[in-house]
Amino acid sequence: MDAKVIVFVALGIAGCGPSVAPVAEPRPSPPDTIPVSSHDAQADLEKLVHESIDARRNELWACYRKGLRDSSPIEGHVTIVLEIAQDGRATRVLEGRRTGIDDDAVKCMSRVFKARPFHDGAASTMRLQIPLTFTKEGS
Numbered sequence: 064m065d066a067k068v069i070v071f072v073a074l075g076i077a078g079c080g081p082s083v084a085p086v087a088e089p090r091p092s093p094p095d096t097i098p099v100s101s102h103d104a105q106a107d108l109e110k111l112v113h114e115s116i117d118a119r120r121n122e123l124w125a126c127y128r129k130g131l132r133d134s135s136p137i138e139g140h141v142t143i144v145l146e147i148a149q150d151g152r153a154t155r156v157l158e159g160r161r162t163g164i165d166d167d168a169v170k171c172m173s174r175v176f177k178a179r180p181f182h183d184g185a186a187s188t189m190r191l192q193i194p195l196t197f198t199k200e201g202s
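Dropping the structure here:
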């Protein structure tokens, strides 16, 4: 009979011991910012570049008008090819197809594109083709 009591007491002690909670897996803390998909980031970058080109519109038009002093065409077209570095600056400005615009005007446009960054350092290099068409008002 003493054996039964000892077993019972041993089980009672084991059952009365401190409860130990199961070890929980650590959970990651919530992000400080909402993740943005690469598609959204690309769209935002394209918007910045378009706004930057629009901001240069008057300077580009001035380049064309300055070129008109020495030549007669009033209408013209040029495709400018830009290589933009990670810091947002144009590292190379190349001339694509051109009609009705003289060399000096294209050089002036190249300086306009190199003068200011296109974005604030989106850590993305890009190559852009920008078609520019100059026409008479009302055309």
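Heads up: the sequence shown is residues 64 to 202, going by the working numbering.
All C-beta atoms in this analysis are idealised placements derived from N, C-alpha and C, irrespective of residue type, glycine included.
- In this model, Val112 and Arg132 are separated by some 30 Å (Cα to Cα).
- As DSSP reads the structure, Val141 sits in a beta bridge with Arg161, Leu195.
- Taken atom to atom, the span from the alpha-carbon of Thr142 to that of Ser187 is near 22 Å.
- The beta carbon of Ile147 sits closer than 6 Å to those of Ala153, Phe181, Met189, all from its chain and outside the five residues before and after it, given in chain order.
- Secondary structure at Ala148: coil, using DSSP grouped into helix, strand and coil.
- Ranked by Cα distance from Ser173, the options Ala125, Ile164, Val156 are led by Val156.
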